[in-house]
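Heads up, the sequence shown is in this note's numbering, so the first residue is 6 and it goes up one at a time. Glycine included, each C-beta is placed from N, C-alpha and C at the ideal position.
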Amino acid sequence: MAHLLIDYGAGAGACVALLLPRCAEAIIAILGVLKSGAAYLPIDPAHPVERIGFMLADAAPLAVITTTGLADRLDGHDVAVIDINDPRINTQPNTNLPGPAPDDIAYLIYTSGTTGVPKGVAVSHHNVIQLFDSLEASFDLGPGQVWTQFHSLAFDFSVWEIFGALLHGGRLVVVPDEVAASPDEFHEVLVAEQVSVLSQTPSAVGMLSTEGLESTTLVIGAEPCPADLVDRWAPGRVMINAYGPTETTMWASKSAPLAPGSGTPPIGSPVPAAAFFVLDSWLRPVPPGVAGELYIAGRGVTYGYWRRPGLTGSRFVACPFGGFGARMYRTGDVVRWRADGQLEYLGRADEQVKIRGYRIELGEIQAALSALEGWGRRR
């Protein structure tokens, strides 16, 4: 796959889109893109055709890897299409290629945008490696662990799931769409495969039974976690509440192991590679117990938004608490420090909401509605 992509021009600074469902072939495609030196751009097949078209125009991938059944979603777009089962793949050399530089972009993840259009976050290889380096002391990531790949490739939860397994000699169980949509069927897979590391949003895990999963480590994130979920899942297992936006390469903080009966869980304290600042509107630190906006600095802070220098400059700002050139990301999350040194999440400073872990900007919904003919007359 990598050698074929190089024939299309793949390399550092280029990107290759993946329009694929969760499947083993999708994992192979990701590895092939990374081996070629390019970044991968995951596109969820469930996205509306308008959103797919926007992402293709905005990111300008040199090719799209997809299946025969999904190729028609690319009709009308001036982009090379590679079938995941293209026989040319098996005729390519399997020799090694030069590895990427740490600062090369590994992937682009598009999130909802306040201005009405999605924005692509550019994440480097260095960012991804620091994610796992920061968490190895907190989780048993060694060989023998069994992980699920439950989430859409277009949701950065999938990065944690896929490379948590592959970088540490674990086994990855790829969950088909129809199984992921059924809590009962998914539970059967978890028990049958003896999954030992389960990563879920609170809303998703809330629909699962705990039976038969007593030895499973549960990592939750991407949404506020209700106390009753902790009361149901924490007894007898390690349960961690993790926090971090796409712009800081997923988990930037994690809680201590949660205990039942302890109330609303915190989002934890920063991982070793991150620095957290809770600031007022003048960028002054607020005392413990006082609400402020969270800014994140450290090695997980990404380049910013793909081809959006203005937006990048407004959200990735100079860090007055670091060295020359240090940046921090303005999260928009309102938090406060607890007495135990962990952060409590209080809400948003803007109109962003979370639905099943996905960030949704209400401005994007408004913009889409405003573009509909006759919408203005109906308001």
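Query - 7 Å Cβ shell around M255 - same chain, five flanking residues per side excluded - result: If you number the sequence shown from 1, residue 255 lands on position 250. Result list for M255: L136, D161, V164, W165 and G249, in chain order.
Requested in this report: State whether the segment 74 to 81 contacts the segment 119 to 133, with contact taken as three or more CB pairs (one from each stretch) at a distance under 8 Å.
Outcome: no
Query - At least three beta-carbon pairs within less than 8 Å, the segment 14 to 30 to the segment 151 to 160 - result: yes
Query raised in the report: Curious, which full-length alpha helix (DSSP H) runs of at least 4 residues does the segment 311 to 357 contain?
Result: 314 to 320
Report task. May I have the straight-line CA-CA distance separating L195 from G149, to the nearest angstrom? Result -> As a position in the sequence shown, residue 195 is number 190, starting the count at 1. As a position in the sequence shown, residue 149 is number 144, starting the count at 1. Each residue's alpha carbon lies about 15 Å from the other.
**Report entry** One or two residues paired with F59 in a DSSP bridge
**Finding:** Against the sequence shown, residue 59 aligns to sequence position 54. Partner(s): none; F59 has no beta bridge.
Query raised in the report: Under a Cβ-count criterion, where at least 16 other Cβ atoms within 10 Å of its own Cβ denotes burial, should P262 be classed as buried or exposed?
Result: Taking the sequence shown and counting its residues from 1, the one referred to as residue 262 is at position 257. When all chains shown are included, P262 counts as exposed.
Query raised in the report: Is the beta carbon of P293 less than 9 Å from the beta carbon of R343?
Result: Counted from its first residue, the sequence shown places residue 293 at position 288. Counted from its first residue, the sequence shown places residue 343 at position 338. Yes, the Cβ-Cβ distance between P293 and R343 is below 9 Å.
Query raised in the report: Where do the N-terminal and C-terminal ends of the alpha helix (DSSP H) with W1 fall, by residue?
Result: Past the edges of the chain, shown from 6 to 384, lies residue 1, and the structure says nothing about it.
Query - Three CB pairs or more closer than 8 Å across the segment 282 to 291 and the segment 313 to 321 - result: no
Requested in this report: Look at the Cβ atom of A106, then the Cβ atom of V133, and state whether they are nearer than 9 Å.
Outcome: Counted from its first residue, the sequence shown places residue 106 at position 101. Counted from its first residue, the sequence shown places residue 133 at position 128. No, these two residues do not count as a Cβ contact at 9 Å.
**Report entry** Counted within 10 angstroms of its Cβ, other Cβ atoms place G362 as buried (16 or more) or exposed
**Finding:** By 1-based counting over the sequence shown, the position of residue 362 is 357. Annotation note: pLDDT 45 at G362 (below 50); position unreliable, no value reported.
Query raised in the report: Counting Cβ pairs, one atom from each stretch, are 3 or more of them under 8 Å apart for the segment 259 to 274 and the segment 301 to 319?
Result: no
Query - Runs of alpha helix (DSSP H) wholly within the segment 143 to 218 (minimum 4 residues, chain order) - result: 162 to 171, 182 to 185, 188 to 197 and 207 to 210
Query - P103, DSSP secondary structure in three states - result: Here the question's residue 103 lines up with position 98 in the sequence shown. If DSSP states are grouped into helix, strand and coil, P103 belongs with coil.
Query raised in the report: Taking the Cβ atom as the reference point for each residue, do G42 and L102 lie within a distance shorter than 9 Å?
Result: Here residue 42 refers to the residue found at position 37 when the sequence shown is read from its first residue. Here residue 102 refers to the residue found at position 97 when the sequence shown is read from its first residue. Contact: yes.
Query raised in the report: Nearest-angstrom Cα distance between A170 and P325?
Result: As a position in the sequence shown, residue 170 is number 165, starting the count at 1. As a position in the sequence shown, residue 325 is number 320, starting the count at 1. Between A170 and P325, the C-alpha separation is close to 37 Å.
Report task. Indicate whether P265 and V235 have their beta-carbon atoms separated by less than 9 Å. Result -> Residue mapping note: residue 265 aligns to position 260 of the sequence shown, counting from 1. Residue mapping note: residue 235 aligns to position 230 of the sequence shown, counting from 1. Cβ atoms of P265 and V235: closer than 9 Å.
Query - Alpha carbon of H192 to alpha carbon of L177, nearest angstrom - result: Numbered from 1 along the sequence shown, position 187 holds the residue referred to as residue 192. Numbered from 1 along the sequence shown, position 172 holds the residue referred to as residue 177. About 16 Å.
Query raised in the report: What residue range is occupied by the uninterrupted alpha helix (DSSP H) comprising V295?
Result: Residue 295 sits at position 290 when you count from the first residue of the sequence shown. First-last for V295: undefined, no H or E at that position.
**Report entry** Per DSSP, the bridge partner or partners of I110
**Finding:** Along the sequence shown, one-based indexing puts residue 110 at 105. The partner list for I110 (beta bridge, DSSP) reads S129.
Query raised in the report: Which residue's Cα is closest to the Cα of G16: D83, G346 and A68?
Result: Position 11 of the sequence shown holds residue 16. Nearest of D83, G346 and A68 to G16, Cα basis: A68.
Query raised in the report: Taking L218 as the reference, which of E228, A247, P229 and R237 has the closest Cα?
Result: On the sequence shown, position 213 is the one that residue 218 refers to. Residue R237 is the option with its Cα nearest to L218.
Query raised in the report: What is the DSSP secondary structure of D88, reduced to helix, strand or coil?
Result: Locating residue 88 in the sequence shown gives position 83, counting from the first residue. If DSSP states are grouped into helix, strand and coil, D88 belongs with the strands.
Requested in this report: Within its chain, find whatever has a CB closer than 6 Å to the CB of G327; leave out the 5 residues flanking it on each side and keep chain order.
Outcome: Position 322 of the sequence shown holds residue 327. Answer for G327: A302, listed in chain order.
Query - 8 Å contact criterion, which G297 and A278 should meet: CB distance rounded - result: Sequence index remark: in the sequence shown, residue 297 carries index 292 (1-based). Sequence index remark: in the sequence shown, residue 278 carries index 273 (1-based). 22 Å between Cβ atoms; not a contact.
Query raised in the report: What does DSSP give as the partner residues of F281 in its beta bridges?
Result: The residue you call residue 281 lines up with position 276 of the sequence shown. According to DSSP, F281 bridges with I301.
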